[in-house]
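S.K.: Heads up, the sequence shown stops at 598 in my numbering, and the numbers go up one at a time, no gaps.
Even for Gly, the Cβ is constructed at its ideal location relative to N, Cα and C.
Take a look at this one; I'll ask things after.
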Amino acid sequence: MYPNLYYVFKDWFGVEWKGLSILNTFGLMVAIAFIVAAIVLTSELKRKEKLGLLFPREEMITVGKPASLMELIINALIGFVFGFKVL
C-alpha cells in the first residue's frame, strides 16, 4: 500500500508532484468509505420507506421527570459491570 498520493502518482504515471505527499492514502480511503457508506445507507432507507417497511412513530417525552426506580437499578448494574471490568 502506498503511504501517500505522491508515491501513487510517481509509480503509476512517473510524475513527481511534491504537493501530493500531504494527502495520506489511508486517511483518504477511510474518508471515502464513510462517505460511500452514508450514501448507501441513505438510499437504502429511502428504498425501504417507499416499500412501506419503515413506519414513523410519535413519542411523548417529559422533560424534568425524575428517573424511575427500574431505570436507576438498570443503570447501576450496567455501571457496576463496566466499572468492575476496568479494575
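1) Are the region 534-543 and the region 553-560 touching by the rule of at least three beta carbon pairs closer than 8 Å?
2) Quick check: the Cα distance between Ala542 and Met571, rounded to an integer number of angstroms?
3) From what residue to what residue does the alpha helix (DSSP H) around Leu556 run?
4) Residues in its own chain within less than 7 Å of Phe520 by CB, not counting five upstream and five downstream?
M.R.: The answer reads as follows:
1) no
2) 37 Å
3) Thr536 to Leu562
4) Val526, Trp528 and Leu531
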